[in-house]
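Under the working numbering, read the sequence shown as residues 246 to 473, first letter to last. For glycine and all other residues, C-beta sits at the position ideal for the given N, C-alpha and C. What you are looking at is a predicted structure, and each value in this text was computed from that prediction instead of being measured.
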Amino acid sequence: MVVLIGVALVVIGFALRLNPMLVVTVSGIVTALLGGLNPVAILDTFGAGFASNRSVTIYVITLPAIGLLERYGLLQQASRLIGKLRALTTGRLLAAYLLIRQGTAALGLKDMCGPAQTVRPLIAPMALAAAIRRHGELSDRQIERVKAYSASADTVGLFFGEDIFLAIGSILLITSFVDSTYHLKLDALQIAIWAIPTAVCAYLIHGARLLWLDRTLARTAIEQEVAA
């Protein structure tokens, strides 16, 4: 029971809104010490964990690259491109991106797009440019709404598209758990096939919400003009 103090430290640290990385690290060290591990064993455990999950540090490369692209006019070029596509509204753009995100995730290319490398530098600025072109200057609330919908298009597309791919971790986890726990034999292909109707429904539902965003922005713009 003493080792559960580490869990209490995590709860307290998050409640105090301390740095999550610092909270988890300190909690892990405290738990290991209470569990009887010596400092060398703790350091070895941290090193092994980092080595086996070193792909999480890929942001060290992507963030500077995105920063350089933004510094040399990526946002302006994205806005200029949207200005030339008159028929492309915010909702249509995000619905198209949702379809692309689902399609690439279904092919196993789940890291091809993402919030950091695609939504932040490209999709969100293009969606905002389309909204400003059609509805004029946006309020802070409208800007945040467009950003939120841009992020949701990526999240929903990835979440409901990746399960169609056979070798994705979630499907392998389901099959291995059921096979080992209930002594059944699940076919990963069948799970992937049954994920297709769910993905289609997710696209239709969230795609409709994205298209409805155009009407929401238009109605808000009219209300602002009347109030002014």
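- With 16 or more other Cβ atoms from the protein chains shown falling within 10 Å of its own Cβ, His451 counts as buried.
- Per DSSP, Lys355 lies in no alpha helix (DSSP H) segment and is marked neither H nor E.
- Linking Leu417 to Gly359 through their CA atoms gives a straight-line distance of about 22 Å.
- Where Val401 is concerned, the enclosing alpha helix (DSSP H) starts and stops at 385 to 406.
- In the DSSP assignment, His428 falls outside any alpha helix (DSSP H), carrying neither H nor E.
- With a threshold of 16 other beta carbon atoms within 10 Å, Tyr448 meets it and is buried.
- Less than 8 Å divides the Cβ of Glu407 from the Cβ of Ala350.
- Here Gln347 really is in contact with Ala444; their C-beta atoms are around 6 Å apart, less than 8 Å.
- Phe259: member of the alpha helix (DSSP H) spanning 250 to 260, first to last residue.
- Excluding five sequence positions before and after Gly402, the CB atoms of its chain that fall closer than 7 Å to its own CB belong to Leu343, Arg346, Gln347, Ala350, given in chain order.
- Residues Leu411 of the same chain have their beta carbon placed closer than 8 Å to that of Leu434, with the five preceding and five following residues left out of the count.
- Between Ser395 and Ala372 the beta-carbon gap is near 5 Å, inside 8 Å, which marks them as a contact.
- Between Val268 and Phe259, the beta carbon gap of about 6 Å places them in contact (Cβ cut-off 8 Å).
- A direct Cα-Cα distance of roughly 8 Å separates Val423 from Lys430.
- The beta carbon of Val271 lies closer than 7 Å to those of Leu254 in the same chain, with the five residues before and after it left out.
- Per DSSP, Ile436 is one residue of the alpha helix (DSSP H) stretching across 433 to 472.
- Judged by their CB atoms, Thr465 and Gln387 are nearer to each other than the 8 Å cut-off.
- Counting along the chain, Leu278 sits inside the alpha helix (DSSP H) bounded by residues 265 to 279.
- Boundaries of the alpha helix (DSSP H) around Arg378: 369 to 380.
- When the Cα atoms are used, Leu338 and Val391 turn out to be separated by approximately 11 Å.
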